[in-house]
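The structure appears below as structure tokens.
In mature numbering (1 follows the signal peptide of the UniProt record, and there is no 0), the protein residues as written are -25 to -1, 1 to 258.
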């Protein structure tokens, strides 16, 4: 089952701060196989896939970077980390734009306490900000999937965390095909749709990006969407999302569920980005 959350409706960080100690980690039996001597067991293998397309302005990109860095160093995050079955996670952070444009900023790192968390946060902040053309969520998913098999960690869960401010408009396939391939591999995709600006012709924004992410991008066991609708929500939303991913937390019942029903039509066309691009530029 998938879930959606609006930061404007509820501050989940406070809920998690009180409840995270009661989160029960996934049972050991859920591991596909025991790690080899060269592998390290972790609670989650987490890929942070961050949009740097031109529709994101420099201020938004800076706030986004700061949000991830501050979340990783926060007291709530470190408490969630401590209460995991293994007390550590593996994380990698890459930026994406077009289908051929992905750049790893943080290679796979083990975070097992304040020192390692602060080191990753500092490295995120010191990397120069960049921007690039097009928006390929499908390209980001295809880039992310093999990264799980290239790291020396074995997690109870594998999660791709995608943030972006527009629909897929470029890539080797529609975003739903890429999503389904990932979900079929046991990967969960969570979303952070950024909706801080009014839809614009020049930036290819759409009005219902949150619905697009819920129905076309996210999927897998326990997947969810956290929506950002103002600049002030950036850092809180990122912290909330990371807390849920690290703790393996299931959203409380008061959040509205979105059923994983493949026969149900998406509420927003999952190829809307490709159609807009074709209509405007004919390629």
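Glycine included, each C-beta is placed from N, C-alpha and C at the ideal position. Since this is a predicted model, take the numbers as computed values, not measurements.
Counted within 10 angstroms of its Cβ, other Cβ atoms place residue i as buried (16 or more) or exposed
i           : result
residue 214 : buried
residue 112 : buried
residue 51  : buried
residue 34  : exposed
residue 124 : exposed
residue 142 : buried
residue 37  : exposed
residue 97  : exposed
residue 101 : exposed
residue 79  : exposed
residue 161 : exposed
residue 144 : buried
residue 242 : exposed
residue 207 : exposed
residue 173 : exposed
residue 216 : buried
residue 220 : buried
Collapsed DSSP secondary structure at residue i in the structure displayed
i           : result
residue 159 : helix
residue 38  : helix
residue 15  : strand
residue 121 : helix
residue 82  : strand
residue 182 : coil
residue 242 : coil
residue 60  : coil
residue 211 : helix
residue 194 : strand
residue -2  : Confidence in residue -2 is poor, its pLDDT being 35 and thus under 50, which makes the residue's placement unreliable; the coordinate value appears in the next sentence. Note: residue -2 maps to coil in three-state DSSP.
residue 102 : coil
residue 247 : helix
residue 220 : helix
residue 147 : coil
residue 87  : coil
residue 51  : helix
residue 6   : Note that residue 6 has pLDDT 40, beneath the 50 cutoff, so the model's placement of it is unreliable and the number below is only indicative. DSSP places residue 6 in coil when its eight states are reduced to three.
residue 113 : helix
Opposing strand residues paired with residue i [DSSP bridges]
i           : result
residue 138 : 25 and 167
residue 70  : 25 and 78
residue 304 : What the structure shows of the chain is the stretch from -25 to 258, and residue 304 is not part of that stretch, so it cannot be assessed.
residue 292 : Residue 292 falls outside the range modelled here, since the chain spans only -25 to 258, and no answer is possible.
residue 107 : 28
CB-CB length for residue i against residue j, believed under 8 Å
i           : j           : result
residue 192 : residue 137 : 6 Å
residue 129 : residue 16  : 5 Å
residue 247 : residue 187 : 7 Å
residue 19  : residue 68  : The Cβ separation is near 14 Å, so there is no contact.
residue 119 : residue 27  : Actually they do not touch by this definition, with Cβ atoms about 15 Å apart.
residue 223 : residue 132 : 6 Å
**Request:** Evaluate contact between the stretch 109 to 126 and the stretch 72 to 89, counting only Cβ atoms and requiring at least three cross-stretch pairs below 8 Å.
**Result:** yes
**Asked** Are three or more beta carbon pairs between the stretch 199 to 215 and the stretch 151 to 170 nearer than 8 Å?
**Response** yes
**Request:** Could you say if the stretch 81 to 89 and the stretch 145 to 157 meet the contact criterion of at least three C-beta pairs nearer than 8 Å?
**Result:** no
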